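Enquirer: Just dropping this structure here.
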Amino acid sequence: MPEGHSIHRIARHFDEVFVNQTLQLSSPQGRFADGAKLLDGHRAVASEAYGKHWFLYFDNELVLNVHLGMYGAWTFGGQQQSSIGAPRKIGEQEDHNDAAVELTEPRPTTRVRIIGDHSWADLVGASVCRTLTLDEAQDVIDAIGPDPLRADADPERFYDAAAKTRRRIGAILMDQKVIGGIGNIYRAEGLFRQDLNPHTPANAIPREIHEAIWEDQVHLLHIGVETGRIITTEPEHRPGIPLAEAFPAHANYVYQRQGQQCLVCGKDAIVVEPLEARKLYWCTACQGG
DNA sequence: ATTCGATGGCTAT
DNA sequence: TAGCCCTCGAATG
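Under UniProt numbering, the first residue of the first sequence carries the number 1, and numbering increases by one thereafter.
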C-alpha cells in the first residue's frame with residue numbers, strides 16, 4: 001500500500017478539492033451502491049487520515065471510511081489530475097499533474113466515484129470502503145496506534161507498548177495497533193537507519209532508541225507526504241545522483257535491495273526473510289547480524 | 001495467454 | 001500459519 005504518507009496526501013487532496021462542497025457519490029462497480037446512496041447529495045465537512053485509514057465526514061453525521069489495503073488507489077481528475085495509492089510500477093511517483101481532463105467513463109472496477117464542483121475522484125481496489133456512523137468511525141480511530149504524521153499523536157502510547165512487549169521490533173513497527181501508518185518499506189528503512197537488528201525484542205531496546213525510531217519516522221513520513229515518494233536515503237549515500245534518478249536503486253537502503261551492495265557499508269549483506277507473513281529486508285552487516 | 005507479486009489486513013484454524 | 005480479498009503492470013510462456 002500506500003503507506004501512511006499516501007493516506008495523508010489523499011486526506012489533504014480531499015480537504016483542498018472536495019470539502020465544503022455537496023458531493024455526488026455512486027458505485028459504478030456496484031459493490032458500494034448502498035453506502036454511496038447514504039452519502040450522495042450531502043456536503044463533505046472534513047477529511048482526515050489516521051494511520052492507513054481515511055475518513056470523509058459528511059453533514060448528515062455519516063462518514064466515508066476507506067482503507068486501500070494492498071491494491072487500492074484513488075484517481076483524481078478535473079481541476080487537479082493525479083493518482084495516489086498502490087503503485088503500478090516500482091518507485092512510481094504519485095501526483096502527476098497534467099492538464100485538466102473531462103469526466104471520463106469510469107473503469108468497471110470503480111468502487112466509488114465522487115464528483116464535486118470542479119473535480120472527481122475514483123476509487124478502485126480498496127480493501128475497505130464503507131459508510132460509518134460517527135461513533136463507528138471513532139471506534140476505528142481508537143484502535144489505531146499513534147500516527148507519526150499527526151500533530152496530535154501521543155508517542156508515549158508507542159513507547160509504552162514497545163516497553164511492554166518482547167515481540168521483535170521488526171514486527172511491532174508494522175502493527176497498526178502499536179504505531180499507525182508504517183508499512184513494509186518504512187519499517188525496513190527505519191530499522192536500517194537506527195542500525196537496529198529487526199529481531200531485537202522491543203522491550204530490550206532503550207527508550208531513547210524508541211524515541212529515535214519515532215522521530216525518524218516522523219521525519220521520513222513527512223518527506224513522503226511532501227514528495228509523494230518513499231525516500232529514505234540521505235544525500236550522502238546517493239552521491240551525485242539527482243533524486244529524480246534515484247529510483248529504484250538509490251532511494252532506499254534495504255527495501256528490495258537483497259543481494260546488492262549496501263549503500264553504507266558496501267558489503268553484500270542485505271537479505272530478505274519472512275517475518276509474520278511479510279518480507280523483511282535488512283543489512284546483516286550494518287544491523288548487527 | 002496466463003501467472004505472479006505488491007507499500008495490507010482480516011479471519012479461521 | 002494459511003487462506004482470502006482486491007487490482008493491474010510486469011514477468012513468464
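Using N, Cα and C, we set each Cβ at its ideal position, and we do this for glycine too.
Computed from a predicted model, the values in this text were never measured in an experiment.
Go to K164, then tell me how far its alpha helix (DSSP H) extends in each direction, as first and last residue.
Expert: 155–164
Enquirer: Going by Cα to Cα distance, which pick from R238, A171, Q93, E208 is closest to E276?
Expert: A171
Enquirer: Taking the beta carbon of S6 as the centre, do at least 16 other beta carbons fall within 10 Å, making it buried, or is it exposed?
Expert: buried
Enquirer: Let me know if T252 comes out buried or exposed under the rule of 16 or more other beta-carbons within 10 Å of its beta-carbon.
Expert: The question names Thr, but residue 252 is Asn in the sequence shown. That one is buried.
Enquirer: Taking H67 as part of the beta strand (DSSP E), name the residues at either end of that continuous run.
Expert: 62–67
Enquirer: Measure the CB-CB distance between W282 and L191 and report whether it falls below 8 Å.
Expert: Contact annotation: W282 and L191 have beta-carbon atoms nearer than 8 Å.
Enquirer: For residue 376, I'd like the list of residues in its chain whose CB is within less than 6 Å of its CB, leaving aside the five on either flank, ordered along the chain.
Expert: One cannot answer for residue 376 here, as it falls past the ends of the chain, which runs 1 to 289.
Enquirer: Express the C-alpha separation of D175 and G4 in angstroms, rounding to a whole number.
Expert: Rounded to whole angstroms, G4 to D175 spans 13 Å at the Cα level.
Enquirer: Can you check the stretch 104–154 for any beta strand (DSSP E) of at least 3 residues that lies completely inside it and give the ranges in chain order?
Expert: Segments of the beta strand (DSSP E) lying fully in the stretch 104–154: 112–115, 119–124, 128–133.
Enquirer: Please name the residue, chosen from W74, H53, G72, I115, that lies closest to V19 on a Cα-to-Cα basis.
Expert: I115
Enquirer: Applying the criterion that 16 or more other CB atoms from any shown protein chain within 10 Å of the CB defines a buried residue, is P28 buried or exposed?
Expert: Result: buried.
Enquirer: Taking DSSP as the reference, what is the three-state secondary structure of P201?
Expert: strand
Enquirer: Taking 8 Å as the cut-off, does the stretch 125–139 touch the stretch 52–66 (at least 3 CB pairs, one atom from each stretch)?
Expert: yes
Enquirer: Could you work out which residue in V225, W54, R278, I213 is closest to C129 when comparing CA atoms only?
Expert: W54
Enquirer: L25 bridges to which residues according to DSSP?
Expert: I114
Enquirer: Secondary structure at R187, three-state DSSP: helix, strand or coil?
Expert: helix
Enquirer: Apart from the five residues just before and just after A269, which ones in its own chain have a Cβ nearer than 7 Å to its Cβ?
Expert: C262, C283, T284, A285
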